[in-house]
Structures are given as C-alpha cells and as structure tokens.
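Be aware that the sequence shown starts at 1, since it is given in full-length UniProt numbering, and climbs by one per residue.
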Amino acid sequence: MLQELLCRRKDVLMILPYVAIVQEKISGLSSFGIELGFFVEEYAGSKGKFPPIKRREKKSLYIATIEKGHGLVNSLIETGRISSLGLVVVDELHMIGEGSRGAILEMTLAKLLYTSKTTQIIGMSATLNNVEDLQEFLQAEYYTSQFRPVELKEYLKINDSICEVDSKAENGMTFSRLLNYKYSDTLKKMDPDHLVALVTEVIPNYSCLVFCPTKKNCENVAEMICTFLSKEYMKHKEKEKQEVIKNLKNISSGNLCPVLKRTIPLGVAYHHSGLTSDERKLLEEAYSTGVLCLLTCTSTLAAGVNLPARRVILRAPYVAKEFLKRNQYKQMIGRAGRAGIDSVGESILILQEKDKQQVLDLISRPLENCYSHLVQESTKGIQTLFLSLVGLKIATNLHDIYHFMSGTFFGVQQKILLKEKSLWEITVESLRYLIEKGLLQKDTILTEKGHMQKDALYEFKEEFQYSFHITKLGRASFKGTIDLAYCDILYRDLKKGLEGLVLESLLHLIYLTTPYDMAFQRDPDWMIYFRQFSQLSPAEQNAAALVGVSENYIGKKASGQAIKKKVDKNIVNRLYLSFILYTLLKETNIWNVSEKFNMPRGYVQNLLTAAATFSSCVLHFCEELEEFWVYRALLVELTKKLTYCVKAELIPLMEVTGVLEGRAKQLYNGGYKSLAHLANADPEVLIRTIDHLSRRQAKQIVSSAKMLLHEKAEALQEEVEELLRLPSDFPGIVASPSVKA
C-alpha cells in the first residue's frame with residue numbers, strides 16, 4: 001500500500017469486514033500518513049464522502065467496510081476517476097461467500113475488473129478452499145504460505161483426557177495427558193467440562209479466550225469460573241482492575257453490569273454484541289494490556305478485532321444451535337498465540353462423546369467451499385447489480401449486461417449454482433423485474449434488419465440489441481443504496497410524509513429513517529408500547545396517527561383483546577423502534593433506554609447505528625428526487641444526531657477515529673474541547689490527564705486528530721483555489737494553439 005501511495009502516486013482502497021477493524025486500522029495507520037504525507041480516510045457507518053475529495057498533491061488511503069467500499073467504487077466510476085485507484089486490498093476475502101455482504105463485495109470487485117485495467121486487486125484470507133474459482137474470477141496469481149509467527153498446537157478434550165490433533169494418527173488424534181485438578185463434588189456439578197482446571201493452567205500470567213455458543217452462555221461461564229477462582233486472583237493488577245470498573249461506570253452514566261462487577265476484580269469479563277461499543281472497546285483495551293486475563297466470548301470475536309491469547313478454549317463445537325463449520329473453527333483457533341509474546345499457542349476444543357465422530361470429521365476435512373451469493377433465495381443481488389450497471393453506464397444493453405455477468409464470480413460458478421434456469425434467462429427476468437418496478441426503462445431498439453422494435457425484451461431473440469436507461473426512482477434507489485425490496489415503500493412513505501410532516505418533534509422524521517429490515521427482528525412488548533404511547537404529546541400522537549397506528553389499537557394489543565381491524569404489522573413494529581430511537585435522542589443514555597424498553601443495550605446501540613446509516617441512505621435517495629427537496633436539510637441534521645447521539649459539544653471529538661462517547665467525555669472534561677486541541681496535544685500530557693489511557697492509544701488519538709485536521713484544511717484550501725482559478729471556458733481563452741482563425 002505504501003509503495004502504491006508514495007512511489008506510484010496512486011490512491012489505495014482497503015476493504016475490511018467490520019467497522020471495529022476499520023477503526024483499528026485507521027488508528028494504526030494515521031501516524032504513517034502524517035509522517036509520510038498521505039491521507040487516511042474512514043469510510044464506515046455514516047462516515048465518508050461520495051465522491052471522495054479530489055486531492056491535488058497528496059494521495060489517499062481509503063479504509064472502508066464492504067458496503068462503503070462499494071459506494072466509493074461506484075462514485076469513482078461515475079465521476080470517471082476509477083483509474084486514480086492503483087490498488088484495492090480486500091482482507092478476509094472468504095467473506096465473498098457470505099450472504100448479501102458477499103454479494104456486495106463481488107459486485108465491487110467485478111466492476112473494478114470491468115472498468116479499470118490499471119487497478120491491482122489483492123485478496124487475503126486464511127480460510128479459503130476453492131481458490132481456483134476465485135483465481136479465474138479475479139484473473140489472479142495465487143500465493144500461499146503455511147508460515148505462522150507462533151506455532152499452534154490443537155487439542156481435543158474428552159472427559160479427563162486431552163488429546164493432540166494429529167493428522168498422521170489412525171483416528172486423527174494422539175493421547176497427550178490427563179487433566180490433573182482436584183474437583184470437589186460442588187465444582188463437578190457446576191463445571192462438568194473442567195473449564196476451571198483448563199483456564200487456571202494459564203491465567204493470570206498468560207491470557208485465555210473461551211468461545212461459547214451463545215451470549216447468555218458467555219455470561220454464565222464467566223460467573224461460574226469466578227465462583228471457583230481463589231481470592232489470590234484479586235491481587236493481580238488490583239489497582240488497574242478498579243480503574244477499569246471506574247471507567248466502565250464513567251462511560252455508562254454511573255451504570256455497571258452486575259456480572260462484570262463480580263468478574264472484573266478476578267480479571268475475567270464477557271464479550272459479545274449485548275455490550276455497547278464503548279464497553280467492548282474498554283474491555284478489549286484492558287485485555288490487550290493484561291489487566292484482564294480471560295474473556296468469555298461469542299464467535300464474532302474471532303472475525304473481529306485482533307485479540308490473541310496464549311490458550312483458546314472452545315466450550316462446545318456449536319455456534320448457537322448450529323454445528324461448527326471448519327472455517328469458523330479455523331478462525332477461532334487462529335486467535336491462539338501472540339506474536340512477539342508467546343513461543344507457542346494452543347487451542348482446546350471440549351467435546352462430548354456424542355459429538356466425537358462429527359468433531360473428528362470436522363478437523364480432518366478441508367475448508368468449506370466459497371460460493372457466490374449474487375443469486376441466493378432470490379435474484380435481488382443481480383437486480384441491484386443490473387441497476388447500478390445501467391446507472392453508471394457500465395453496460396446498458398442486454399448483450400453487454402450478459403457479458404458482464406459471465407465475468408463475475410457467479411458467472412464462473414454458474415454450472416454448479418444454476419440448476420433450473422440458465423444465466424441468460426435469469427439476466428432477462430431480472431431486467432424485466434426492474435422495468436416492471438419502474439427502476440429501468442427500455443428504449444426503442446433498432447434490430448439488425450433496421451426495423452424499430454419496441455417490445456423486443458419480451459421476445460428474447462438474440463439478434464435484438466436491448467437498450468435501457470435508469471429512471472429517476474431507479475437512480476435515487478441506486479444512489480441511496482436502498483434495498484430494492486423497500487424502494488417503492490420508502491417512496492410512498494416519503495410522499496405520504498409530505499402531506500403532513502409533523503415537525504414539532506423529531507418522531508415523524510425518525511420513523512421515516514427507521515430501517516425497514518429491523519422491524520421483522522423482534523416483536524414489541526405491548527405493555528411498554530402502550531405506556532410509551534400514552535405519554536406522547538398531541539403532536540407526537542398526530543405523527544403516530546399519520547403513519548397509521550392508533551392508541552386504541554396498541555391498548556387492545558396490550559390487554560390481549562381481539563382486533564378485527566387489519567393493521568400492517570411492519571408499520572406497528574417500525575413505529576415501536578422509532579419510539580426507542582426517539583427516546584434515545586432525547587435522553588442520550590443507552591442504559592436508561594434499554595431498561596425502559598427491556599432490551600439489551602447492545603441491541604439498542606445496533607439499532608441506533610443502523611438508523612444513522614439508513615438516514616444517510618434516505619438523504620442520498622431524496623437528493624435525486626426534486627419533489628423531496630424539503631427532506632434534504634432535515635436529514636443532514638438528523639443523520640448527525642443519530643450518528644453521534646451525544647450532547648453537541650462532544651461531536652467534534654467523536655469525529656476522531658476511535659474516540660467513543662466515554663473517551664470524548666473524559667477528553668472534554670480534561671480541557672480538550674475541539675479537534676485542534678487534540679491535534680496539538682502532547683501524548684505524554686494526555687496520559688497523565690486522562691484515566692486508563694495507554695501510551696499507544698494516546699499517540700493514535702493525536703495522530704488521528706492531526707490527520708482529520710489536515711484533511712479538513714486541505715479540502716478548504718482546494719475550495720479556495722478552485723474559486724480563484726480562471727474558468728477554462730472563460731470568453732477569449734483560446735482552447736489550444738491549433739485552434740486559430
């Protein structure tokens with residue numbers, strides 16, 4: 001990446017699977033950017049500019065999530081700047097085979113291959129099997145290495161025996177040792193899997209991760225282990241652990257999870273999506289610095305931030321109720337062994353006799369194959385792709401679209417994936433769907449014989465050249481990256497909103513930006529719904545009535561009465577989520593809101609993040625449709641409120657990568673009240689002023705703030721120069737020496 005930025009003077013895009021990893025990389029690479037003279041720009045959540053600012057001298061390293069990376073590539077193609085991208089690095093390339101996100105990654109790479117012959121693509125993964133398909137799709141060379149900085153030893157635990165995984169052995173394993181730990185009857189009952197014995201062999205001097213099948217199991221295991229740890233464990237880094245508890249309270253307005261209150265003094269914590277991102281970040285920092293020596297976690301930690309351990313224990317060969325996949329197993333055990341710290345890493349998979357054969361099959365079989373998800377349960381992925389191909393003028397007729405499809409990962413795998421229909425039929429059907437939906441329009445077409453043919457699409461004869469253009473609704477959906485299943489519903493909702501948008505409170509506007517797909521995920525608690533409804537002001541009740549939900553209906557649901565009148569369940573559920581968001585914006589305290597609505601605080605925060613992203617999508621949707629001009633200014637402000645959900649004075653600090661609400665409050669109270677304050681801070685003074693801030697974190701915060709300040713200053717400088725530059729079409733300027741009278 002540095003070679004591309006500094007020697008070849010080209011921009012670079014790095015695509016990563018999760019926001020947390022994007023932020024980790026931004027923090028780590030900003031200091032390089034400042035020292036070596038390039039920009040590091042964040043494209044995650046609602047952050048990132050489309051198209052990116054065109055820099056005159058310095059080059060940019062864009063670090064993006066899969067979705068934002070796709071938007072960035074689209075905007076560069078649209079503005080004719082795709083050749084400015086010299087290199088695209090995709091980490092965790094196996095994500096291409098994972099659901100709708102995989103389909104988005106595939107679209108991004110296919111468009112790059114089709115539109116730019118000078119952009120290099122590098123994909124990396126530790127868990128890929130059918131590499132030949134990906135090689136063919138990416139027209140790529142393949143490099144592989146078995147090198148690991150720290151040796152990894154894999155073990156299986158059955159009853160009291162620990163066996164080492166050994167591919168040369170007859171049954172795939174060889175006996176290693178018996179567990180030697182004196183168990184009381186109580187402990188046997190509470191800990192039949194001998195977890196306490198396994199973790200106390202390494203903690204507190206070394207670190208340990210215990211992967212559990214469910215979130216609830218993480219908490220139970222953390223508590224169970226702490227019940228049987230001796231009081232001696234409390235003395236290990238006691239002062240620092242008290243600091244962690246104090247900081248957890250600070251970031252949570254004085255609240256502290258009762259489980260963490262009991263486990264942290266012993267150096268143990270749980271880690272899963274039920275925690276807020278502030279809490280997770282704090283626990284990750286404490287674990288990385290050795291203050292916490294044991295985390296009980298779900299499988300998501302294996303794919304997320306980099307938290308290695310001396311020993312990794314898999315509590316059971318399950319993720320939720322599903323049996324473990326080989327790829328998941330490799331990801332989890334890959335966390336064992338810390339480069340530069342440990343000479344060896346070890347993984348122990350605990351299994352019951354009933355699962356023994358299945359586990360032995362699991363560890364001996366190759367990794368799962370990776371398949372395209374452009375066509376999954378539906379053809380939604382392909383329809384989205386076709387809309388963007390026409391919108392970006394990459395391919396505007398049936399022949400070119402079909403040719404593009406043949407070069408995708410899906411095109412490479414079509415013989416395996418397509419059983420009933422051919423690629424040609426799916427292409428034609430998807431285009432027909434987009435026309436029926438009003439997203440594309442077909443043009444009158446000239447046949448080879450020179451006759452006008454208006455309905456050629458429905459005749460499917462290859463001699464015809466079908467040509468399409470994108471409609472206004474199509475362009476709005478494409479620019480807003482709106483799920484095609486919801487684009488017409490969104491249009492209707494916004495249109496209806498124009499008839500009587502209630503602006504006395506934010507509720508109506510929040511409802512319009514509440515993500516549609518989250519309405520299906522959980523049903524409301526009707527008593528809480530009714531309680532919240534009855535506290536609404538007349539203006540807020542008016543907003544609820546306008547979207548189609550009455551207090552009478554909610555009252556009947558809460559009291560369990562039969563309801564004859566048909567009401568759209570999606571609207572009712574979506575309004576309930578709007579209530580949560582509305583309460584959150586008023587109170588800005590996730591703990592209070594999660595208690596009020598009886599929902600995990602991590603879920604409440606995920607809802608907020610999803611709403612901020614969707615609000616930004618709706619804004620781009622409205623920018624393309626003149627009739628929705630009124631929403632534009634309103635949505636800019638709302639997106640900002642949803643993105644930060646804090647008091648206004650903390651927003652400038654939270655623009656800095658890695659500074660979440662808790663840290664922003666600490667910085668603000670320490671006198672660092674603006675971006676300029678942070679950019680000019682001395683890391684050594686920061687460490688002394690701010691509690692529980694390591695030297696590495698202080699340096700990263702200062703580097704990230706400097707980078708952001710430089711970016712903003714450069715953007716303003718370029719705006720000034722653009723304003724003062726003489727226009728190229730100024731009267732009297734001769735275009736070129738050859739154009740003379």
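No residue lacks a Cβ here, since even glycine has one placed at the ideal position from N, Cα and C.
Tell me whether the beta-carbon of residue i lies closer than 8 Å to the beta-carbon of residue j.
{"i": "F579", "j": "P515", "result": "no"}
{"i": "E624", "j": "R432", "result": "no"}
{"i": "L282", "j": "L292", "result": "no"}
{"i": "H94", "j": "S125", "result": "yes"}
{"i": "I225", "j": "V259", "result": "no"}
{"i": "E223", "j": "T263", "result": "yes"}
{"i": "N480", "j": "V630", "result": "The question names Asn, but residue 480 is Gly in the sequence shown. No, the Cβ-Cβ distance between G480 and V630 is not below 8 Å."}
{"i": "F621", "j": "L716", "result": "no"}
{"i": "A611", "j": "L581", "result": "yes"}
{"i": "L178", "j": "D193", "result": "no"}
{"i": "S273", "j": "T296", "result": "no"}
{"i": "V359", "j": "P308", "result": "no"}
{"i": "V89", "j": "T119", "result": "no"}
{"i": "L275", "j": "G602", "result": "yes"}
{"i": "F147", "j": "C163", "result": "no"}
{"i": "V221", "j": "C208", "result": "no"}
{"i": "I63", "j": "M707", "result": "no"}
{"i": "Y529", "j": "I563", "result": "no"}
{"i": "I348", "j": "K182", "result": "no"}
{"i": "S388", "j": "F323", "result": "no"}
Cutting at 6 Å between CB atoms, please list the residues of its own chain near residue i, excluding the five before and the five after it.
{"i": "L152", "result": "A336, G337 and G345"}
{"i": "K449", "result": "Unreliable positioning characterises K449 in this predicted model, as indicated by a pLDDT of 44, which lies under 50. A coordinate reading is not provided."}
{"i": "I251", "result": "D278 and G662"}
{"i": "R574", "result": "T514 and A519"}
{"i": "V412", "result": "D133, E136 and F137"}
{"i": "S84", "result": "D11"}
{"i": "V150", "result": "G337, A339, D342 and G345"}
For residue i, which residues of its own chain have a beta-carbon under 7 Å away from its beta-carbon, when the five flanking residues on both sides are left out?
{"i": "T471", "result": "G438, L439, L440 and Q441"}
{"i": "G19", "result": "Checking the displayed sequence, the identity of residue 19 turns out to be Val instead of Gly. Cβ within range, chain order: A44, G45 and T65."}
{"i": "E462", "result": "Reliability of the predicted coordinates at E462 is poor, the pLDDT of 44 falling under 50, and no value is obtained from them."}
{"i": "K59", "result": "L5, R9, K10, D11 and F38"}
Could you spell out where the alpha helix (DSSP H) holding residue i opens and where it closes?
{"i": "F468", "result": "Run containing F468: none in the alpha helix (DSSP H); it sits in the beta strand (DSSP E), F468 to I470."}
{"i": "F211", "result": "Unbroken run through F211 is the beta strand (DSSP E), C208 to F211; no alpha helix (DSSP H)."}
Classify residue i as helix, strand or coil using the three-state DSSP reduction.
{"i": "K153", "result": "strand"}
{"i": "H710", "result": "helix"}
{"i": "E463", "result": "Below a pLDDT of 50, predicted positions are generally treated as unreliable, and E463, at 35, falls in that range; no measurement from the model is reported."}
{"i": "F410", "result": "helix"}
{"i": "T127", "result": "coil"}
{"i": "L283", "result": "helix"}
{"i": "D729", "result": "coil"}
{"i": "L87", "result": "strand"}
{"i": "G290", "result": "coil"}
{"i": "E42", "result": "strand"}
{"i": "V344", "result": "strand"}
{"i": "L331", "result": "According to the sequence displayed, residue 331 carries Gln and not Leu. The answer is helix: DSSP assigns Q331 an H, G or I state."}
{"i": "residue 755", "result": "Past the boundaries of the shown model lies residue 755; the chain is included only from 1 to 741, so the question cannot be answered."}
{"i": "R311", "result": "strand"}
{"i": "H94", "result": "helix"}
{"i": "L723", "result": "helix"}
{"i": "Q697", "result": "helix"}
{"i": "Q357", "result": "helix"}
{"i": "E4", "result": "helix"}
{"i": "E322", "result": "strand"}
{"i": "A339", "result": "coil"}
{"i": "I122", "result": "strand"}
Verify the contact flag: residue i, CB atom, against every heavy atom of the ligand FAD, threshold strictly below 7 Å.
{"i": "G560", "result": "Ligands in the displayed structure: none, and consequently the ligand FAD is not present."}
CB-CB under 8 Å to residue i, same chain, minus the five flanking residues each way: which ones, in chain order?
{"i": "L374", "result": "A103, E106, M107, G381, I382, L385, T408, F409 and F410"}
{"i": "H236", "result": "P204, G267 and C293"}
{"i": "D729", "result": "none"}
How would you write the range of the beta strand (DSSP E) that residue i sits in, first residue to last?
{"i": "T296", "result": "L294 to C297"}
{"i": "A610", "result": "Run containing A610: none in the beta strand (DSSP E); it sits in the alpha helix (DSSP H), R601 to E623."}
{"i": "D11", "result": "D11 to L16"}
{"i": "Q441", "result": "L440 to K442"}
{"i": "residue 750", "result": "A question about residue 750 goes unanswered here, because the residues of the chain that appear run from 1 up to 741."}
Tell me the start and end of each unbroken beta strand (DSSP E) in the region 514–585 that is at least 3 residues and wholly inside, in chain order.
Secondary structure in the region 514–585: no beta strand (DSSP E) run of 3 residues or longer lies completely within the stretch.
Continuous alpha helix (DSSP H) assignments of at least 4 residues falling wholly in the region 647–693
The region 647–693 is shown to contain whole alpha helix (DSSP H) runs of 4 or more residues at 651–654, 661–669, 675–679 and 683–689, in chain order.
Quick check for students: name the residue ranges of the beta strand (DSSP E) that lie wholly in the region 158–196, counting only runs of 3 or more.
Taking 3 residues as the shortest admissible run, the region 158–196 contains the following complete beta strand (DSSP E) segments, listed from N- to C-terminal end: 161–165 and 173–178.
What ranges does the alpha helix (DSSP H) occupy inside the region 373–405, keeping only unbroken runs of at least 4 residues that lie completely in it?
Qualifying alpha helix (DSSP H) stretches, in chain order: 380–391.
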